[in-house]
Amino acid sequence: MKPRAEAFAKAVKKGARIVFGTDAAAGMPGHTAPEFERRVALGMPPRQAIVHATSTPARALGMGDKIGDLKPGMFADIIAVEG
Numbered sequence: 000m001k002p003r004a005e006a007f008a009k010a011v012k013k014g015a016r017i018v019f020g021t022d023a024a025a026g027m028p029g030h031t032a033p034e035f036e037r038r039v040a041l042g043m044p045p046r047q048a049i050v051h052a053t054s055t056p057a058r059a060l061g062m063g064d065k066i067g068d069l070k071p072g073m074f075a076d077i078i079a080v081e082g
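The opening position of the sequence shown corresponds to residue 0 in numbering that gives the first Met the number 0, with each subsequent residue numbered one higher.
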């Protein structure tokens, strides 16, 4: 395992607050799904990977009262697909 992967796996095991995001100004289309796969492959439970891409970054930015969760009064973009 590469050093970064080892550090990530240790952080997951210790319960570190990990923010899923990018420093790209407009995002990086096509890179999100592989990032989820990498995180899960390194030991992060799938549900935790989703939380680290939604509510954790919102709270880290001080916006947890407006975005990051699917509940009444929150801003969100979501689609539902069959299957």
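Every residue gets a Cβ at the ideal spot worked out from N, C-alpha and C, and that includes glycine.
In chain order, Val18 place their CB closer than 7 Å to the CB of Ala59, counting only its own chain and leaving out the 5 sequence neighbours on each side. Contact annotation: Ser54 and Asp64 have beta-carbon atoms that are not nearer than 8 Å. In the three-state scheme derived from DSSP, where H, G and I count as helix and E and B as strand, Ala75 is classed as coil.
Secondary structure note for Glu34: its alpha helix (DSSP H) is the uninterrupted segment Thr31 to Ala40. Rounded to whole angstroms, the gap between the alpha carbons of Thr31 and Ile78 is 16 Å.
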